[in-house]
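Working notes, beginning with the structure itself.
Protein chains: 2
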Amino acid sequence: MIKVIKIGGNVIDNTTALEAFQRDFACMEGSKILIHGGGKIATQISQKLGIETVMVGGRRVTDRPTLDVVTMVYAGLINKNVVAALQSHGCNAIGLSGADAGSITSHKRINKDIDYGYVGDVDRVDAAAIKKLTDAGFTPVFCAITHDGNGTLLNTNADTVASSVACGVASLEDVELIFCFEKDGVLSCPDDDTSVIPHIDTAVYASLKESGVISGGMLPKMENAFAALKAGVKKVIITSPAYITDQNAPHTEIVL
Amino acid sequence: MIKVIKIGGNVIDNTTALEAFQRDFACMEGSKILIHGGGKIATQISQKLGIETVMVGGRRVTDRPTLDVVTMVYAGLINKNVVAALQSHGCNAIGLSGADAGSITSHKRINKDIDYGYVGDVDRVDAAAIKKLTDAGFTPVFCAITHDGNGTLLNTNADTVASSVACGVASLEDVELIFCFEKDGVLSCPDDDTSVIPHIDTAVYASLKESGVISGGMLPKMENAFAALKAGVKKVIITSPAYITDQNAPHTEIVL
Numbered sequence: 007m008i009k010v011i012k013i014g015g016n017v018i019d020n021t022t023a024l025e026a027f028q029r030d031f032a033c034m035e036g037s038k039i040l041i042h043g044g045g046k047i048a049t050q051i052s053q054k055l056g057i058e059t060v061m062v063g064g065r066r067v068t069d070r071p072t073l074d075v076v077t078m079v080y081a082g083l084i085n086k087n088v089v090a091a092l093q094s095h096g097c098n099a100i101g102l103s104g105a106d107a108g109s110i111t112s113h114k115r116i117n118k119d120i121d122y123g124y125v126g127d128v129d130r131v132d133a134a135a136i137k138k139l140t141d142a143g144f145t146p147v148f149c150a151i152t153h154d155g156n157g158t159l160l161n162t163n164a165d166t167v168a169s170s171v172a173c174g175v176a177s178l179e180d181v182e183l184i185f186c187f188e189k190d191g192v193l194s195c196p197d198d199d200t201s202v203i204p205h206i207d208t209a210v211y212a213s214l215k216e217s218g219v220i221s222g223g224m225l226p227k228m229e230n231a232f233a234a235l236k237a238g239v240k241k242v243i244i245t246s247p248a249y250i251t252d253q254n255a256p257h258t259e260i261v262l
Numbered sequence: 007m008i009k010v011i012k013i014g015g016n017v018i019d020n021t022t023a024l025e026a027f028q029r030d031f032a033c034m035e036g037s038k039i040l041i042h043g044g045g046k047i048a049t050q051i052s053q054k055l056g057i058e059t060v061m062v063g064g065r066r067v068t069d070r071p072t073l074d075v076v077t078m079v080y081a082g083l084i085n086k087n088v089v090a091a092l093q094s095h096g097c098n099a100i101g102l103s104g105a106d107a108g109s110i111t112s113h114k115r116i117n118k119d120i121d122y123g124y125v126g127d128v129d130r131v132d133a134a135a136i137k138k139l140t141d142a143g144f145t146p147v148f149c150a151i152t153h154d155g156n157g158t159l160l161n162t163n164a165d166t167v168a169s170s171v172a173c174g175v176a177s178l179e180d181v182e183l184i185f186c187f188e189k190d191g192v193l194s195c196p197d198d199d200t201s202v203i204p205h206i207d208t209a210v211y212a213s214l215k216e217s218g219v220i221s222g223g224m225l226p227k228m229e230n231a232f233a234a235l236k237a238g239v240k241k242v243i244i245t246s247p248a249y250i251t252d253q254n255a256p257h258t259e260i261v262l
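If you read the sequences in order, they're chains S and C. So the first sequence is residues 7 to 262, counted in this note's numbering. So the second sequence is residues 7 to 262, counted in this note's numbering.
This is the structure:
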């Protein structure tokens with residue numbers, strides 16, 4: 007069993023939370039892969055460089071200067087600092103973009119209404135390449151930058167990178183996919199952090215979507231979760247980073 | 007035989023030269039490792055971010071904001087674009103800092119006169135880790151960022167990274183180290199680009215240093231070259247990128 011863990015920008019932006027997570031992740035037994043989001047640093051650096059940040063539906067419109075900034079921040083600043091921290095805790099991390107080892111190939115998003123620029127939708131994960139790294143004892147740490155195979159880097163949604171990597175690796179061995187975010191799981195009452203729904207299957211999801219309990223940014227996360235299960239991922243969990251060390255901590259398990 | 011190739015900032019800064027090099031490097035037969043310098047982009051980004059660049063004796067004084075910039079630019083922007091370009095030419099590149107796979111550990115430079123800040127001098131190369139990657143069919147592409155093993159990244163001279171990697175790998179297999187720079191080799195007349203000295207041994211080096219023919223930035227390059235030979239590297243060449251495709255091109259071979 008290999009665990010694929012995704013942490014979001016909220017962990018990256020919070021030094022205390024990030025340091026705790028890095029220690030806990032480093033101590034996890036067995037094969038594991040980390041995918042990290044970007045957080046607010048790219049927006050701050052863009053501002054300082056005088057590059058306007060344009061968001062449409064929660065997605066960053068990525069023109070060429072913005073692509074350079076996210077490549078610098080996600081693949082450079084964040085990825086290498088996370089790798090150095092994991093190494094200091096005894097975890098043999100190796101930081102990757104999707105270009106590295108040809109691991110994740112994507113295509114520039116085609117949308118008739120909006121030009122998202124250098125935003126990539128994943129086509130292919132080279133699971134054998136990733137497995138060579140884990141078999142060699144390395145822990146892959148992915149940022150959410152991929153490539154098109156023709157020399158162009160593409161900014162890619164980190165949840166999608168996580169589920170794509172999980173689906174790819176699932177063709178070679180059993181995979182558990184864990185999305186860590188700022189809540190303990192999917193909540194039945196958005197204002198009550200203790201209202202974690204323990205299990206969501208497709209029928210429950212349909213009714214929660216209908217009633218508006220699940221909305222906004224949780225919708226693509228849920229879609230990624232179901233897609234992963236359908237592609238053969240054994241277990242998908244939505245939870246907080248606390249789950250990494252305590253699997254009795256509150257969490258939502260997604261089931262088909 | 008594994009070839010360790012170092013390209014300097016002058017190649018990184020020249021789009022045409024960089025594209026030609028990437029095509030040529032991708033086509034090279036056999037195991038190979040690339041080490042790239044940084045070029046002027048970090049200085050330009052620092053300026054835009056309002057961070058003062060301080061150089062002492064050709065070395066960048068690296069305070070915390072400058073470390074963040076060089077990490078972004080060297081390990082992110084440059085490294086990932088080089089990797090994506092090599093992948094597009096069929097070379098299975100994997101971009102690395104010294105933190106990745108714990109490959110290069112260094113310590114913060116101690117100097118009684120100048121505080122260089124986050125500048126690292128190399129202590130140890132994990133040749134076995136690098137060999138795992140080349141044996142798996144990957145081509146490591148190193149930027150000149152290393153780590154101290156305690157979670158801190160360090161800005162490191164790219165020539166030193168190249169010779170350290172070459173020396174480390176030489177303990178496991180035969181290595182040829184090729185420093186590519188803007189001239190065809192070491193020149194006997196600095197103003198005459200055709201005056202390439204074909205061979206330099208320690209005696210010739212001593213006399214060229216004494217007469218001032220070799221000076222400035224060439225001195226540490228020569229020291230790195232001799233150190234590599236003494237550590238078991240089979241062949242050390244100082245040349246232009248043209249040598250990659252044509253080993254009859256003008257070049258200087260360093261010999262003990």
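For glycine and all other residues, C-beta sits at the position ideal for the given N, C-alpha and C.
Residue 54 of chain C reaches chain S at 55, counting residues in chain order whose Cβ is nearer than 7 Å. Comparing C-alpha distances from residue 232 of chain S to each of S:220, S:211, S:219, S:246 shows the shortest one belongs to S:211.
Contact annotation: in the region 126 to 149 of chain C, residues whose CB is within less than 7 Å of a CB in chain S are 138, 142, 144. When secondary structure is reduced to three states using DSSP, residue 161 of chain S falls in the strand class.
Between the C-alpha atoms of residue 57 of chain S and residue 125 of chain C there is a straight-line separation of about 30 Å. Around the Cβ of residue 171 of chain S, a 10 Å sphere holds 16 or more other Cβ atoms; the residue is buried. Relative to the Cα of residue 222 of chain C, the nearest Cα in the group C:31, C:55, C:19, C:65 belongs to C:65. Pairing residue 258 of chain C with residue 191 of chain C gives a Cβ-Cβ distance under 9 Å.
For residue 218 of chain S, the closest of S:203, S:194, S:11, S:202 by C-alpha to C-alpha distance is S:194. Taking 7 Å as the cut-off between beta carbons, the residues of the region 74 to 97 of chain S near chain C are 74, 77, 78, 79, 81, 82, 83, 86, 87, 89, 90, 91, 93, 94, in sequence order.
Nothing from the region 201 to 222 of chain S brings a Cβ to less than 8 Å from some Cβ of chain C. In chain order, 28 place their CB closer than 7 Å to the CB of residue 91 of chain C, counting only its own chain and leaving out the 5 sequence neighbours on each side. Under a 10 Å Cβ-count criterion, residue 119 of chain C is classified as exposed, with fewer than 16 other Cβ atoms of the shown protein chains found around its own Cβ. Legend: CB atoms of the region 153 to 176 of chain S lying less than 7 Å from CB atoms of chain C belong to residues 153, 155, 156, 157, 158, 159.
Annotation: residue 128 of chain C to residue 106 of chain C spans about 15 Å, alpha carbon to alpha carbon. Per DSSP, reduced to three states, the secondary structure at residue 203 of chain C is coil, with no helix or strand assignment. At a cut-off of 9 Å between beta-carbon atoms, residue 23 of chain C makes no contact with chain S. At least one CB atom of chain C sits nearer than 9 Å to the CB of residue 151 of chain S. For residue 101 of chain S, the nearest CB of chain C lies under 9 Å from its own CB, placing it at the interface with that chain. Pairwise C-beta distances place the region 195 to 203 of chain S out of contact with the region 137 to 154 of chain S, as fewer than three of them are shorter than 8 Å. Residues of chain S with a Cβ closer than 9 Å to the Cβ of residue 15 of chain C do not exist, since the nearest Cβ in that chain sits about 17 Å away. At least one CB atom of chain C sits nearer than 9 Å to the CB of residue 105 of chain S. Proximity of residue 39 of chain S to chain C, defined by a Cβ-Cβ separation below 9 Å, is not satisfied. Contact annotation: the region 234 to 251 of chain S does not touch the region 17 to 24 of chain C, with fewer than three C-beta pairs closer than 8 Å.
Distance from the Cα of residue 183 of chain S is smallest, within the candidate group S:68, S:243, S:59, S:88, for S:243. Close CB contacts of residue 98 of chain S within its chain, under the 7 Å cut and outside five residues either way in sequence, are with 143, 144, 145 (chain order).
Between residue 113 of chain C and the set C:154, C:239, C:87, C:122, the nearest pair of CA atoms involves C:154. Assignment of beta-bridge partners to residue 183 of chain S by DSSP yields S:10, S:242. Assignment of residue 45 of chain C by DSSP, reduced to helix, strand and coil, places it in the coil class. Taking 9 Å as the CB threshold, residue 45 of chain C stays off the interface with chain S. With distances taken between CA atoms, residue 14 of chain S lies nearest to S:168 out of S:179, S:168, S:178.
If the five residues before and after residue 96 of chain C are omitted, its C-beta is found closer than 7 Å to the C-beta atoms of 32, all from its own chain and listed in chain order. At least one C-beta of chain C is nearer than 9 Å to the C-beta of residue 51 of chain S.
Residue 240 of chain C sits close to residue 176 of chain C, with the two beta carbons spaced by under 9 Å. Interface with chain S (9 Å Cβ-Cβ cutoff): residue 191 of chain C is excluded.
When the Cα atoms are used, residue 188 of chain C and residue 245 of chain C turn out to be separated by approximately 8 Å.
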